[in-house]
Ligand SMILES: [Zn+2]
């Protein structure tokens with residue numbers, strides 16, 4: 198993912214990973230999770246289409262937003 202950078206976990210400093218779970222009603226669902234099993238900080242997300250159908254730009258923009266949210270988070274999990 199060029200230009201999309203996830204910062205290490207704010208809790209433990211471990212590299213996070215992004216995982217997509219399901220495409221449902223043209224929303225792409227997934228989560229960003231800390232790679233440390235003892236920490237397991239997790240932020241779920243849904244990328245919504247900007248028009249009728251989800252397209253590549255929606256995914257890219259969505260991923261930027263997600264990375265932004267992950268990178269800005271200071272501490273605890275919030276339900277989104
Ligand atoms: Zn962590």
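Residue numbers (my numbering): 198 to 277.
Just so you know, even glycine gets a beta-carbon here, dropped at the ideal spot from N, CA and C.
These figures come from a predicted structure and were not determined experimentally.
If I measure Cβ to Cβ from residue i and keep anything under 8 Å in the same chain, skipping five residues before and after, which residues do I get?
| i | result |
| --- | --- |
| residue 217 | 225, 226 and 227 |
| residue 272 | With a pLDDT of 48 at residue 272, under the threshold of 50, the predicted position of this residue should be treated as unreliable, though the coordinate-derived value follows. The residues are 207 and 208. |
| residue 253 | none |
Please confirm whether residue i and residue j have their CB atoms less than 8 Å apart.
| i | j | result |
| --- | --- | --- |
| residue 215 | residue 232 | no |
| residue 223 | residue 203 | no |
Report the three-state DSSP secondary structure of residue i (helix, strand or coil).
| i | result |
| --- | --- |
| residue 200 | coil |
| residue 243 | strand |
| residue 260 | helix |
Heavy atom of ligand 1 less than 7 Å from the Cβ of residue i, yes or no?
| i | result |
| --- | --- |
| residue 260 | no |
| residue 268 | no |
| residue 233 | yes |
| residue 218 | no |
| residue 251 | no |
| residue 203 | no |
Please list, in chain order, all residues of the same chain as residue i whose beta carbon is under 7 Å from its beta carbon, the five residues on each side excluded.
| i | result |
| --- | --- |
| residue 201 | 260, 261 and 264 |
| residue 198 | Low confidence applies to residue 198: its pLDDT is 48, below 50, so where it sits in the model is not reliable, and the reading given next is rough at best. Within the same chain, residue 198 has close Cβ partners 260. |
Between the options, which has its C-alpha nearest residue i's C-alpha?
| i | options | result |
| --- | --- | --- |
| residue 213 | 246, 229 and 221 | 229 |
| residue 268 | 219, 234, 256 and 239 | 239 |
| residue 247 | 220, 241 and 258 | 258 |
| residue 221 | 245, 241 and 266 | 245 |
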